Each structure stands twice: as C-alpha cells, then as structure tokens.
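If you're matching positions, the sequence shown starts at 0 in numbering that gives the first Met the number 0 and goes up one per residue.
Encoded as structure tokens, the structure appears first; notes follow it.
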Amino acid sequence: MSPKRTLGNITKYVSNLPIPKLDFKEIFKKIEEEKERPKLKVVDIINLSDKELERVYYYYGAGKAFLEMELSDIASKKALIEDVYKDTFADVSYKIVDRRAKEGLTKLNKEGLEGTAFAESEELREYKKQMREATGIFVRVQGELTSYDSMWKTLSRIIGLRTKDKKEYSI
Numbered sequence: 000m001s002p003k004r005t006l007g008n009i010t011k012y013v014s015n016l017p018i019p020k021l022d023f024k025e026i027f028k029k030i031e032e033e034k035e036r037p038k039l040k041v042v043d044i045i046n047l048s049d050k051e052l053e054r055v056y057y058y059y060g061a062g063k064a065f066l067e068m069e070l071s072d073i074a075s076k077k078a079l080i081e082d083v084y085k086d087t088f089a090d091v092s093y094k095i096v097d098r099r100a101k102e103g104l105t106k107l108n109k110e111g112l113e114g115t116a117f118a119e120s121e122e123l124r125e126y127k128k129q130m131r132e133a134t135g136i137f138v139r140v141q142g143e144l145t146s147y148d149s150m151w152k153t154l155s156r157i158i159g160l161r162t163k164d165k166k167e168y169s170i
C-alpha cells in the first residue's frame, strides 16, 4: 500500500470519529489575513486585569489544543514515512546483497550497504529526506507546544490564586 493511500485511510478514520472536530479558524482568523505570523506577546501577566488575563488564557489554551492536534498529525505521518523507508531499505539492500553474492563479491559492512543502497535508489534518498523534514517539523512544533503548555499552566496558577479568595468564585 502506498504512503498516500495509507495517509488517506488514516485521515478518513479520524474524520469519522464520533466527536466534533475542533476548528481553529475563527479563533486564529487574523493569522490567515496577515502575511507574517502574528506574535502572542508574553506580557507581565501578574499586572493584567481579570478580563485581559482571561483573554490571554483563552489564546494560550486554544494554541495549546491546536499544537497538540498538529503534533499528533505530524507524528503519524512521520511514523508512516519511517516505516516505508525501512521497507524500501530492506528491499533495496536485499537486492544489493543478492546481486553481490551472485557476482562473487565480498559482503558489505553495514555502512557500505547503506551507502550503496542510497547510491542506487532515488526513492530511498527521497524517503530519507522526508524523514529528516518530518523530524525537524516534529521537534519545532513540539517546542512550540511546550512553550504554550508552560504559559497555559502559569496562567492557570495565577487565575487559581486570584480566584481563591474571591467570594463570587468560592463554593
């Protein structure tokens, strides 16, 4: 089965889950209208009013949810690419070993086999490139998520401390 077909099946499965799909377009509409990615300023949150704190908390929560969803999507694609790469590498290396055995040539060591496989297979080089890109994207998005998660937790603590003694929030 091809990677595109597998990705299509994964997308179809996720699309058919019996829960509403999260849609972030309204929350982040401004991003689509601007040319550059806007910045969510890390401000002196201690001095924000309750209303301002609520708004910032909302954006960090929405960003966190979006990045979690995005990271899972990237992870599934990355895993698929890695799996196809391993299968292709196994196939190409088997053919190389078999051909060399028939020609009476010596066995290649691991590095030699890998180099020969890359030299002979454009498909293998392309999958390796895709794996590198997917890994880089995964690490960057994971870093963004960690930042959003940290800020969201900080805001949660501040809100908790502010509401602890307020009559309208007490049980």
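From the three backbone atoms N, C-alpha and C, an ideal C-beta is built for every residue, glycine too.
These numbers were taken from a predicted model, which means no experiment stands behind them.
Under a CB-based cut-off of 8 Å, is residue i close to chain B?
{"i": "S92", "result": "Judged by its chain identifiers, the structure shown contains no chain B, having just a single protein chain."}
Is residue i near the ligand GTP, judged by its Cβ being under 7 Å from some heavy atom?
{"i": "A74", "result": "Among the components of this structure there are no ligands whatsoever, and the ligand GTP is therefore not found."}
Relative to the alpha-carbon of residue i, which residue among the options has its alpha-carbon at the smallest distance?
{"i": "N108", "options": "V13, K165, Y56, V96", "result": "V96"}
{"i": "V13", "options": "R54, S75, G60, G103", "result": "S75"}
{"i": "E25", "options": "K127, A61, F88", "result": "A61"}
{"i": "E110", "options": "R98, G103, F88", "result": "F88"}
{"i": "R156", "options": "G103, I44, V138, S120", "result": "I44"}
{"i": "D148", "options": "Y56, K127, E35", "result": "Y56"}
{"i": "R139", "options": "L104, K20, L70", "result": "L70"}
{"i": "T153", "options": "N15, R4, V41", "result": "V41"}
{"i": "D82", "options": "K165, S1, K106", "result": "S1"}
{"i": "L112", "options": "Y93, K128, G103", "result": "Y93"}
Which two residues bound the contiguous alpha helix (DSSP H) that contains residue i?
{"i": "L70", "result": "49-101"}
{"i": "K11", "result": "2-14"}
{"i": "L104", "result": "Looking at the DSSP string, L104 is not in any alpha helix (DSSP H), and its letter there is neither H nor E."}
{"i": "I44", "result": "From DSSP, I44 is part of no alpha helix (DSSP H); its letter is neither H nor E."}
{"i": "D22", "result": "Careful: D22 lies outside any alpha helix (DSSP H) and carries neither H nor E."}
{"i": "K165", "result": "Taken as a continuous stretch (DSSP letters only), K165 belongs to no alpha helix (DSSP H), as it is neither H nor E."}
Assuming residue i and residue j make a contact with CB atoms under 8 Å, what is their CB distance in whole Å?
{"i": "I80", "j": "A133", "result": "6 Å"}
{"i": "E225", "j": "L144", "result": "Because the chain in this structure spans residues 0 to 170, residue 225 falls outside the shown range and cannot be described."}
{"i": "M130", "j": "Y58", "result": "That belief does not hold up - the Cβ atoms of M130 and Y58 are roughly 33 Å apart, past 8 Å."}
{"i": "D49", "j": "R161", "result": "7 Å"}
{"i": "K77", "j": "F137", "result": "6 Å"}
{"i": "T47", "j": "I158", "result": "Reading off the sequence shown, one finds Leu at residue 47, where the question assumed Thr. No, L47 and I158 are not in contact; Cβ-Cβ is about 10 Å, not under 8 Å."}
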